[in-house]
Every structure is written in structure tokens, then in C-alpha cells.
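If you're matching positions, the sequence shown starts at 113 in the working numbering and goes up one per residue.
Backbone N, C-alpha and C define an ideal beta-carbon position, used for all residues, glycine too.
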Amino acid sequence: MYLYAWKNGVTTVDEANMNALISGNIPTLITEGIQRAAKNGTGISENNIANYSYCTRFTLAGSTEIGRVALHLDRDSLGADLVVQIRSGMNPSSGVDGTLVKQVVVPKEFIPDPAAYWSIPIGLTGLTSGGQYWIVVGQSGDATNHLDWIGEAAQDASYPAYRRNGTSGAWTANNALHFRVYSGASGDYAHSIDNVGGHATLVYNGEDLAAIYDYLPATDGPEGGIRDITTLVYSGDYILGGV
């Protein structure tokens, strides 16, 4: 049974929905993991996601899974929801979008301001070690409320990046974009993923868990739903609750 957020006029009060609230719903747990690929740098170029979709390629070295990715992002004003895809077999310069392997929605409320790396749960297995994959971010937002993907002021042949206005056709070469890819069971827990696209992100202050970001979509799509940020309250080493 899938558990969705409630929505007025959409969600019914019935046996299936109510029983889901009291039954076990075991999530997929994702740790910080080991970095498998990354394009970092000191660049501060802002790539406006309201103007284009963006994509960048990486090689999945030494692993057949992706636990999470981290993108260097900045929210302007209210921002816009971030749609992240992992794709295989892309050829952007020819307009070939390849195969969608995974899609994750991150609420705009979660994106940092000022710019910082934000971790995004992926939870993919059965991939090809040494295979090439693409991170794609979908176009969204407007001139005032949007996100920027931070990157360099020049291209990088080892981590090619592209942009496109619209949902079809050839992509145009873009300057390098900042990202990190992780997999494996290592370090602290970073995320949990449920079975309908909902997820939680754990943020730490040193060794202490500082905040939990919860997202659960409604049954009719990603708009609305549960988008909670809980800051934990401590007494010494003990968590007393959250606000």
C-alpha cells in the first residue's frame, strides 16, 4: 500500500488509506556513502534553471549503485521545486535524451540560500560500474522565483554539461556544473526514501543531527503535499523534540 499526503477534495477517507497510517512502512535508508564522481571548483557562475534545463555527465567509478547526489544550488526569492533525473544513453548534442532511470522532486523550501551543496536521495542499484550516466535538472520557475545551479566559467571535457530551453531537441554546450555522486554504506544516515517519491533528508551540525527535511507528495502529483522542516531541540546529548 502506498502512503501519500492528504489533499482536500482528492484524498478519500477509506480502509486502504487509513490502514496505511497504522501499518509498517519501511523506507530505503541511504548513508553519506563514498564519493564516486565529482566536479568541484571555485567558480560562482549562476545557471538559471528558469531559463533552461541543464545536464552533466559523470562516470560511475567503482560501484553499481548511486545512493545520493549533491548539487551546488542557490534559491532566489521563493525558488521553485527542483526536478532531478538520472539518465543513461543520452547524447545531448543530438537531442537524444536516452533512458530515464530515476526522477526525484525536491521541494523549493529545502533549497539553500545562499548557495551551498544540497544532498538529493537517489537510491539506485543494478547500474554499470564504469558506466556513464547523466544528471538532468528540469527547467522550472520564473524571473523572480527560481533556482541557480552553480558552476564554473569554462567547459570541462571530462564533465560535459549542456542546457536546453524546452523539452525536446538538441542541447547546447554549457560551462561545467558543480556536483558530487555518492554510493555505499558509510558514514551517518543522510536520507530515507519511501515508495511513492517521498523522502527525508538529515542535516547535521558536527556530529549532532540538527534538522530533518520531510517531503511526501499528494496522490495527484508533486505540488503541495508534506514539506516539513523540523529543527531538533537538545538537552545536552539528548533530543527532546523539534520545532
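Beta-carbon gap between residue i and residue j smaller than 7 Å
i      : j      : result
Arg169 : Trp261 : no
Val195 : Val217 : yes
Gly243 : Asn159 : no
Ala273 : Leu289 : yes
Own chain, CB closer than 6 Å to residue i, minus 5 neighbours either side, in chain order
i      : result
Phe222 : Tyr325
Pro233 : Ile142, Arg180, His303, Ile305 and His311
Gly145 : Gly179, Tyr294, Ser295, Gly296 and Ser298
Ala150 : Arg292
Ala182 : Tyr229, Ser231 and Arg292
Thr140 : Gly235 and Ile305
Residues near residue i by beta carbon distance below 7 Å, same chain, minus five either side
i      : result
Ser175 : Arg148, Ser241, Ser295 and Gly296
Ile134 : Because the pLDDT of Ile134 is 47, which lies under 50, any placement of that residue in the model is unreliable, and the number read from its coordinates should be weighed accordingly. Cβ within range, chain order: n/a, list empty.
Leu190 : Lys220 and Asn257
Gly281 : Gly207
Tyr164 : Gln251, Arg275, Arg276 and Asn277
With 16 other Cβ atoms within 10 Å as the buried cut-off, status of residue i
i      : result
Asp209 : buried
Gln197 : buried
Gly299 : exposed
Ala192 : buried
Thr284 : exposed
Thr154 : exposed
Thr211 : exposed
Pro226 : exposed
When the options are compared against residue i, the one with the closest alpha-carbon
i      : options                           : result
Asn152 : Gly354, Gly253, Ala265 and Ala282 : Ala265
Val213 : Pro204, Tyr229, Asn203 and Leu239 : Leu239
Gly318 : Asp349, Phe291 and Leu328         : Asp349
Ala162 : Arg187, Val315, Ile138 and Ser270 : Arg187
Ala228 : Thr140, His184, Gly278 and Tyr166 : His184
Pro224 : Val315, Leu344, Met202 and Asp332 : Val315
Phe291 : Leu328, Asp126, Ser231 and Ala173 : Ser231
Thr279 : Ala150, Ile138, Pro139 and Cys167 : Cys167
Gly309 : Pro226, Ser200, Val355 and Asp332 : Asp332
Residues near residue i in its chain [Cβ-Cβ closer than 8 Å; skip 5 each side]
i      : result
Tyr346 : Asp320 and Leu352
Glu177 : Leu236, Thr237, Gly238, Leu239, Ser295 and Gly296
Ser157 : Ile262, Gly263, Glu264, Ala265 and Asn287
Val355 : Thr342, Thr343 and Val345
Go through the stretch 202–265 residue by residue and report every complete run of the beta strand (DSSP E) that reaches 3 residues or more, in order. You should have 211–218, 228–236, 244–249 and 258–263.
Jot down the residue ranges of each uninterrupted beta strand (DSSP E) in the stretch 143–210, minimum 3 residues, whole runs only, in chain order. Fully contained in the stretch 143–210 are the following beta strand (DSSP E) runs of length 3 or more, in chain order: 146–151, 157–160, 165–171, 178–188 and 194–200.
Output the residue ranges of the beta strand (DSSP E) runs that lie fully inside the stretch 286–346 and measure 3 residues or longer, sorted by chain position. Those beta strand (DSSP E) runs which fall completely within the stretch 286–346 and span 3+ residues are 291–295, 301–305, 311–317 and 320–330.
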